[in-house]
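In the working numbering, the protein residues as written are 2 to 221.
What follows is one structure encoded as structure tokens, with my remarks underneath.
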């Protein structure tokens, strides 16, 4: 097993940062130091140090010191890992019967498997275009699908949940524990600056804080 170097920037750490930035860009449009810090469980100062090293490797770049952006090379690496992760999730859910949260957790172990194994899993699962949380699998041509962020919906709008963007564990646990899943039909009962109140499948009423609603994309 490859050891982490003393400077804390081993290959697994590099992958953690690149995929986190990728997921944040996917979900929120940009990746800020504070968001990276929160997701990886390290201090903002540590994030800044690692980002500087990744800049030196031409994997990321700072944009006016406001947010972090993947370079072409950084995105290529991130997409390779994300592809393996999301194919693994589909395999774990559809073939092995894991629930969506456990599949996300265990997919972190499978995303480092050789390409030949991942592609076998991809074929066995019917060459899926999205993961169980509705996120696109990199390398697959996606049809245009006009989705709206839940935080931008209005009262009485009827929508279908299509994507939990970025598939961050905290967000997934919160939503799945509420009983919300991809494909659910919703109606916006109330929409304030603090929360969105939804009726799910004409039966369940749930309150979703705005900071979580911004990770949910729907079709209305």
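Think of the CB as a built atom: it goes at the ideal place given N, C-alpha and C, for glycine as much as any other residue.
query                                                                                                          : result
Supposed contact pair residue 216 and residue 172 - C-beta distance, whole angstroms, cut 8 Å                  : 5 Å
Spatial distance of residue 139 from residue 47 (CA atoms)                                                     : 29 Å
Exposure of residue 152, with buried meaning 16 or more beta-carbon neighbours within 10 Å                     : buried
Inter-residue Cα distance where the pair is residue 209 and residue 190                                        : 11 Å
Range covered by the alpha helix (DSSP H) that runs through residue 93                                         : 73 to 95
Buried versus exposed call for residue 159 [16 or more other C-beta atoms within 10 Å across all chains shown] : exposed
Cβ contact (3+ pairs, closer than 8 Å) linking the stretch 55 to 66 and the stretch 96 to 105                  : no
One or two residues paired with residue 161 in a DSSP bridge                                                   : 186, 220
Residue range of the beta strand (DSSP E) that includes residue 206                                            : 205 to 210
N- and C-terminal bounds of the beta strand (DSSP E) containing residue 174                                    : No beta strand (DSSP E) holds residue 174; the alpha helix (DSSP H) holding it covers 170 to 179.
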